[in-house]
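As they're listed, the protein sequences go chains A and B. If you use the numbering used here, the first sequence corresponds to residues 650 to 794, in order. If you use the numbering used here, the second sequence corresponds to residues 293 to 596, in order. Think of the CB as a built atom: it goes at the ideal place given N, C-alpha and C, for glycine as much as any other residue. Have a look at the structure below before the remarks.
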Amino acid sequence: MLEPQRSAVLGYFDMRFGIPLITFDGFCLLLRHKTYSLLSTTQHVERLAGLQVHSAGLPVLRSIRHHLKPTTAALQYFGTEARRHVLDLSETQVVTLLRNREQPLHLDIQPGYVILRHAGHILGCGLYTPGRLRSQLPQHPVVSL
Amino acid sequence: MSTCRTVFDPYATFIPDFPAFCAALQTPRPCCLRVNTLRTTPEAVRELLMQQGYSVTPSPIADELLLVPNLTHPGRLREAILGYYHPQALTSALVSRIVAPQRGDLVCDLCAAPGSKTSHMAQLMDNQGVIVANEPVHTRLAMLEYNLKHLGISNVVTTRYTGQNFPLRCKFMRVLVDAPCSGEGNYRYDMQGRVQYVRRGTGAPDDLPRLQKQLLIRGFDILAPGGSLIYATCTYNPAENEAVVQELLEQRPATIQPITLPVPHSPGLLQWKEYMYDARMQHCWRLYPHQTGSVGFFVASIRA
């Protein structure tokens, strides 16, 4: 992907979470079926050119209508670099969120996607709208924290 | 009702200490976790689990493997959500250690789903280089891609070829053929005394060996000069193991190389029933539950 487009796409992480662009050096940005993925930079690209590829690298952003949605995988990978829109949840909040997929929550932040963190560990992606936090985590049979 | 003695009686002649083998199958397999060192450290996971009351011991095979005998549902802990570990049998993880991929390598995992070995190799490569993970079955491919994403793997490209028809134009330094097999190595009794084993196969008795031979030969054919090929199954059946490797030795200029890891094992067979196998088969490894405390496996390390 050409540099202007790469910066525009990955700039989302900087704009929303303060994750600097330099974090993504060492990765190629790929787009397939509205999903942006990061593939570790490799010298073998030409040798792979003859293969019919089904997927490549780590999915980091999905294009949904007119906005980008970060994946939980991306936030778990790069989220330690984030400087804003990181929500520290209590154990009760995490259990509720995992069970009900959403919970009432009032925060003084700009609505949008947030990084969910518990006890210093990044759980993944959530969506904050005024008065409500929705889980964007994959469904998971968690019973114990 | 079949017992492990009756099920494995045909193999009693070559499984060392057969009574101990049968006894080992009566005990539940201890939980083994492969720590995702791309996310965290074995020490950190060990500490987190011990805080929750689990007894954790490091594996003698590799630093990233932890044995947690009193953990019955490893997928239900918070650490599982975080992608800090992946439940994987000790002997299964050993296979990736034998492949021993290096940072920057170009590797092919010809039968990759569900992705345990693929993700382990990615971890050993520190997410550098490229692994082409191939899986023809759509549902299994989805499982593979989910696991790769969950574990934060960024150096894998997936493809959907039938393994035996994988394109010859791309050559690899290392190839893993973790072939579909009858899965006898998974035969074990669980904590309720139920047998945990469903024989895998698609019909005719020789369907798996035929497919395995095709896969192994294709695996050899996509090796770069001097490259190495690992053939692995989780079964004891010589028809799916030594006989498959024998076919490769007869069809291609391949050689079997010794595996040098400090793991208790038995050598490959040189004879079974009326079949005689190449003397180099002694370099293959047979891994039995009573020797390793894990799933039964067969591994051959082959060089072009």
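Going by DSSP, which residues form a beta bridge with Glu751 (chain A)? Looking at the DSSP assignment, Glu751 (chain A) forms a beta bridge with A:Arg783.
Distance, Gln538 (chain B) Cα to Met293 (chain B) Cα: Note that Met293 (chain B) scores a pLDDT of 46, beneath 50, so its modelled location is shaky; the value from the coordinates is reported in the next line. Our two residues, Met293 (chain B) and Gln538 (chain B), have alpha carbons roughly 35 Å apart in a direct line.
Within 8 Å, do at least three Cβ pairs link the region 724–731 of chain A to the region 660–667 of chain A? Judged by Cβ distances under 8 Å, the region 660–667 of chain A makes contact with the region 724–731 of chain A, as three or more pairs qualify.
C-beta contact flag for Thr319 (chain B) and Phe589 (chain B) at 8 Å: No, they are not a contact pair.
Under DSSP, the beta strand (DSSP E) around Ile771 (chain A) begins and ends at which residues? From DSSP, the beta strand (DSSP E) with Ile771 (chain A) extends over His770 to Thr778.
Out of B:Pro406, B:Val399 and B:Ile373, which one is the CA nearest neighbour of Arg331 (chain B)? Comparing Cα positions, the closest option is B:Ile373.
Kindly indicate the opening and closing residues of the alpha helix (DSSP H) around Pro393 (chain B). Pro393 (chain B) -> no alpha helix (DSSP H), and no H or E assigned at all.
Spatial neighbours of Pro308 (chain B) within its chain, please: C-beta separation below 6 Å, excluding the five flanking residues on both sides. Cβ within range, chain order: Ser558.
Among the residues of its own chain, which have a CB less than 6 Å from the CB of Leu610 (chain B), if the five just before and after it don't count? Residue 610 (chain B) lies beyond the stretch modelled for chain B, which goes from 293 to 596, so this question has no answer here.
What is the DSSP secondary structure of His715 (chain A), reduced to helix, strand or coil? It is coil, neither helix nor strand.
Under the rule that 16 or more other beta-carbon atoms within 10 Å means buried, what is Leu746 (chain A), buried or exposed? Note on Leu746 (chain A): 16 or more other CB atoms within 10 angstroms of its CB, so buried under the neighbour-count rule.
Look up Asp570 (chain B) in the DSSP assignment and say whether it is helix, strand or coil. Of the three classes helix, strand and coil, the one that applies to Asp570 (chain B) here is coil, per DSSP.
Inside the region 378–440 of chain B only - beta strand (DSSP E) runs reaching at least 3 residues: Assignment of beta strand (DSSP E) within the region 378–440 of chain B, counting only whole runs of 3 or more residues, yields 398–401 and 422–426 in chain order.
Would a check of beta-carbon distances place Val763 (chain A) closer than 8 Å to chain B? Residue contact with chain B for Val763 (chain A): absent (no Cβ-Cβ distance below 8 Å to any residue of chain B).
If you follow the beta strand (DSSP E) that Cys324 (chain B) is part of, which residue opens it and which one closes it? Per DSSP, Cys324 (chain B) is one residue of the beta strand (DSSP E) stretching across Cys323 to Val327.
Between the Cα of Lys505 (chain B) and the Cα atoms of B:Phe300, B:Gln543 and B:Asp418, which residue gives the shortest distance? Cα-wise, what sits closest to Lys505 (chain B) is B:Gln543.
Would you please verify whether the beta carbon of Phe796 (chain A) is less than 8 Å from any beta carbon of chain B? Nothing can be reported for residue 796 (chain A), as the shown portion of chain A is limited to 650 through 794.
Quick one: which chain A residues come within Cβ less than 7 Å of Leu433 (chain B)? Scanning chain A for C-beta atoms nearer than 7 Å to the C-beta of Leu433 (chain B) yields His703, reported in chain order.
Segment contact flag, the region 295–307 of chain B with the region 359–376 of chain B, C-beta cutoff 8 Å, min 3 pairs: Taking 8 Å as the limit for Cβ pairs, the verdict is that the region 359–376 of chain B does not touch the region 295–307 of chain B.
Less than 8 Å between the beta carbons of Gly706 (chain A) and Leu679 (chain A), yes or no? Yes, the Cβ-Cβ distance between Gly706 (chain A) and Leu679 (chain A) is below 8 Å.
Along the chain, where does the beta strand (DSSP E) that runs through Ser686 (chain A) open and close? Residue range Thr684 to Ser689 is occupied by the beta strand (DSSP E) that includes Ser686 (chain A).
Is the separation between the beta-carbon of Ser689 (chain A) and that of Ser446 (chain B) shorter than 8 Å? Yes, they are a contact pair.
What in chain B is Cβ-close to Ala731 (chain A), meaning under 8 Å? Those do not exist, as Ala731 (chain A) stays about 15 Å from chain B at its closest Cβ, beyond 8 Å.
Does the CB of Thr691 (chain A) have a neighbour CB from chain B at under 8 Å? Yes, Thr691 (chain A) counts as interfacial toward chain B.
At 4 residues or longer, what runs of the alpha helix (DSSP H) sit wholly inside the region 341–380 of chain B? The qualifying runs are 370–373.
Uninterrupted beta strand (DSSP E) stretches inside the region 696–743 of chain A (no shorter than 3 residues): Counting only runs of 3 or more, we get 702–705, 707–713, 716–719 and 735–737.
Are the Cβ atoms of Leu436 (chain B) and Ala414 (chain B) separated by less than 8 Å? For Leu436 (chain B) and Ala414 (chain B), no; Cβs fall outside 8 Å.
Is any beta-carbon of chain A found at less than 8 Å from that of Thr451 (chain B)? It does; some Cβ of chain A falls within 8 Å.
Does Asn457 (chain B) have its Cβ less than 8 Å from a Cβ in chain A? Not closer than 8 Å to any Cβ of chain A, the Cβ of Asn457 (chain B) fails to qualify, so no.
Three-state secondary structure assigned by DSSP to Met293 (chain B): Confidence in Met293 (chain B) is poor, its pLDDT being 46 and thus under 50, which makes the residue's placement too unreliable to answer from.
Counting along the chain, where does the alpha helix (DSSP H) carrying Gly511 (chain B) start and finish? Boundaries of the alpha helix (DSSP H) harbouring Gly511 (chain B): Asp499 to Asp513, taken from the DSSP string.
Burial state of Gln380 (chain B), where buried means 16 or more other Cβ atoms lie within 10 Å: Its Cβ being crowded by 16 or more others within 10 Å, Gln380 (chain B) is buried.
Tell whether a beta-carbon distance below 8 Å holds between Gln583 (chain B) and Pro556 (chain B). For Gln583 (chain B) and Pro556 (chain B), yes; Cβs fall inside 8 Å.
I'd like to check one pair, Pro753 (chain A) with Lys441 (chain B): are the Cβ atoms closer than 8 Å? No, the Cβ-Cβ distance between Lys441 (chain B) and Pro753 (chain A) is not below 8 Å.
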